[in-house]
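**Q** One structure coming up, written as structure tokens, with questions to follow.
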Amino acid sequence: MTYPAAGGPAPASYASPNASDERSAVIDLEAIRHNVRRLVAVASPARVMAVVKADAYGHGAVPVARAALAAGAQWLGVAHVTEALALRAAGIDAPILAWLHTPETNFVAAVAAGIDIGCSGWELDSIVAAARDQERPARVHLKVDTGLGRNGATIESWDKLVGAAVEYQEEGLLRVAGVFSHLAVADEPERPETDEQLAAFRDALAVAEDAGVDPEIRHLANTPAALSRPDTHFDLVRVGLGVYGLSPFRGQTSAELGLRPAMTVRTLVAHCKDVPAHQGVSYGLRYRTEDASTLGLIPLGYADGVPRVATGGPVRIDGVTYPVVGTIAMDQMVVDFGPLHVAAGGDSRLGSEAVLFGEGNDGGPTADDWARAAGTINYEIVTRISPRVPRRYINEEPTP
Ligand SMILES: *Cc1c(COP(=O)(O)O)cnc(C)c1O
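So for the sequence shown, the working numbering puts the first residue at -1; every next one is plus one.
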């Protein structure tokens, strides 16, 4: 089945039976299931929460969530309550945790939908008010900041948060279902701060347990910690990147971790033409052909989520990888096929498939290559592929 666009209904203007043939992010749900099975095995006996925030890092939250649950994930994690509600609206009834709120967050809807709610402090009273409104205890995961400096109660205020939560729990207004924290440098296993965070987390757990908290799940690990630090697993690991088959470690590939990149971004060459030597290419004329040459036009640009700064990023066409030359524009970018390919009797490459990144088989380009070209990380490359690129799902059903 073809989903015209991730993240919502397709604008009518995109509705074309061939839209995903023209350009698409192809999502291999068998790769998702493979990665989840691998992470379940690595994490065992801890359970796996598949993190599907940000439309499953651009892969499509609902189909990825279903595939992850089918492959053994027992929990789903998102940042926003709205993301959790969208999963419920799609009929997904697995446990879901949402952890990033504002004073405008709809906690009433979250409690009504049975969403587990991360709580760093200020949210507690709003959550309790929602529980009163719904006449139903809220399920809360208390979050402690063990060093990341973002969300989470400070160590200094942890006692107070735990005490207040226990009181509300005794009144039947909430259940402290979990205690958690988030790691800052697990992708750099040689750094000492993960040990410090782990020690702080253990201390915070002891404080909570002394106060009478008896959480169902204690959780700390993200993908890099799930893969490299079994001592951080506790009862559950929250894994995002690994579900998508990407490596969080510099110098270790997906394949080396037993993971398969699930997203392939591809399109068709939109124009192929011979040009003279010194032909300028794209805005700013920052590239000129050396000799007479053949240019290929790739109809993807920064509106599709290709970073504008990523000149030099790889495009695989007919088994050869070419770097993008010149400035990446809103809708398009250019590759240089080299000396007079067409005039020399070569076939025009108009309509040839052009792959920006995918599984990386046979030396094909990867999201890591684009991350390097853009000076960013693979997380951002897949997540920023925009809704203008139709998502096409393959291997939707597990093969028996
Ligand atoms: C995004 C996120 C994760 C997942 O991190 P990965 O490195 O992609 O596995 C886990 N926990 C929290 C709190 C997050 O925000």
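Even glycine gets a Cβ: it sits at the ideal position worked out from N, Cα and C. Since the model is a prediction, treat every value here as computed from it, not as a measurement.
At what residue ranges does the stretch 56 to 83 contain a whole run of the alpha helix (DSSP H), taking only runs of 4 or more?
**A** 59 to 68
**Q** What residues are listed by DSSP as bridge partners for residue 26?
**A** 392
**Q** Report the CB separation of residue 143 from residue 179 in whole angstroms; it is logged as a contact under 8 angstroms.
**A** 7 angstroms
**Q** Ligand 1 and residue 180: does any heavy atom of the ligand fall closer than 7 angstroms to the residue's C-beta?
**A** yes
**Q** So, for residue 60: in the same chain, excluding its five sequence neighbours on each side, which residues have a beta-carbon less than 6 angstroms away from its beta-carbon?
**A** 88
**Q** If I measure Cβ to Cβ from residue 22 and keep anything under 6 angstroms in the same chain, skipping five residues before and after, which residues do I get?
**A** 388 and 390
**Q** Taking the CB atoms as reference points, tell me whether residue 403 and residue 257 lie closer together than 8 angstroms.
**A** Residue coverage of the chain in this structure runs from -1 to 398, which leaves residue 403 outside it and unanswerable.
**Q** Does the beta-carbon of residue 100 have 16 or more other beta-carbons within 10 angstroms, so that it is buried, or is it exposed?
**A** exposed
**Q** Report the rounded CA-to-CA distance for residue 353 versus residue 113, giving the unit in angstroms.
**A** 39 angstroms
**Q** Spell out the partners DSSP gives residue 271 in its beta bridges.
**A** When DSSP reads this structure, residue 271 sits in a beta bridge with 293.
**Q** If you follow the alpha helix (DSSP H) that residue 153 is in, where does it begin and where does it stop?
**A** 153 to 168
**Q** Between residue 282 and residue 202, what straight-line distance do the alpha-carbon atoms span, to the nearest angstrom?
**A** 55 angstroms
**Q** Taking the CB atoms as reference points, tell me whether residue 332 and residue 323 lie closer together than 8 angstroms.
**A** yes
**Q** Please go through the stretch 173 to 258 and give each complete beta strand (DSSP E) segment of 3 or more residues, from N-terminal end onward.
**A** 215 to 217 and 234 to 237
**Q** Classify residue 248: buried if its beta carbon has 16 or more other beta carbons within 10 angstroms, exposed otherwise.
**A** Residue burial annotation: residue 248 is exposed, with fewer than 16 other C-beta atoms found within 10 angstroms of its C-beta.
**Q** Nearest to residue 120 by alpha carbon, out of 102, 135, 130 and 110?
**A** Checking every option, the nearest Cα to that of residue 120 belongs to 102.
**Q** Report the partner residues of residue 312 according to the DSSP bridge assignment.
**A** For residue 312, the pairing in a beta bridge is given by DSSP as 321.
**Q** Bridge partners of residue 44, per DSSP?
**A** Per DSSP, none; premise fails for residue 44.
**Q** For residue 336, name the three-state secondary structure that DSSP assigns.
**A** Note: residue 336 maps to strand in three-state DSSP.
**Q** So what does DSSP say about residue 20, is it helix, strand or coil?
**A** helix
**Q** How many whole angstroms separate the CB atoms of residue 48 and residue 71, which I take to be in contact at a CB cut-off of 8 angstroms?
**A** At roughly 4 angstroms, the Cβ-Cβ gap stays under 8 angstroms, so residue 48 and residue 71 are in contact.
**Q** Got a sec, what are the start and stop residues for the alpha helix (DSSP H) residue 302 sits in?
**A** No alpha helix (DSSP H) holds residue 302; DSSP gives it neither H nor E.
**Q** For the beta strand (DSSP E) holding residue 263, just list the boundary residues, first then last.
**A** 261 to 266
**Q** May I ask whether a heavy atom of ligand 1 can be found less than 7 angstroms away from the beta carbon of residue 236?
**A** Correct: residue 236 has its Cβ closer than 7 angstroms to ligand 1.
**Q** For residue -1 and residue 127, I'd like the C-alpha separation in whole angstroms.
**A** Only weak support is given to the placement of residue -1: the predicted model assigns it a pLDDT of 43, under 50, and the question is left unresolved by the model.
**Q** Within 10 angstroms of its Cβ, does residue 275 collect 16 or more other Cβ (buried), or is it exposed?
**A** That one is exposed.
**Q** Give the single residue among 161, 221, 208 and 216 whose Cα lies nearest to the Cα of residue 184.
**A** 221
**Q** Check whether the Cβ of residue 220 lies closer than 7 angstroms to any heavy atom of ligand 1, and answer yes or no.
**A** yes
**Q** How would you label residue 3, buried or exposed, when you count the other beta carbons within 10 angstroms and need 16 or more for buried?
**A** Note that residue 3 scores 49 on pLDDT, short of 50, meaning its location in the model is unreliable; the coordinates nonetheless yield the value given after this. By the neighbour-count rule (16 or more Cβ atoms within 10 Å), residue 3 is buried.
**Q** Relative to ligand 1, is the shortest distance from any of its heavy atoms to the C-beta of residue 51 smaller than 7 angstroms?
**A** yes
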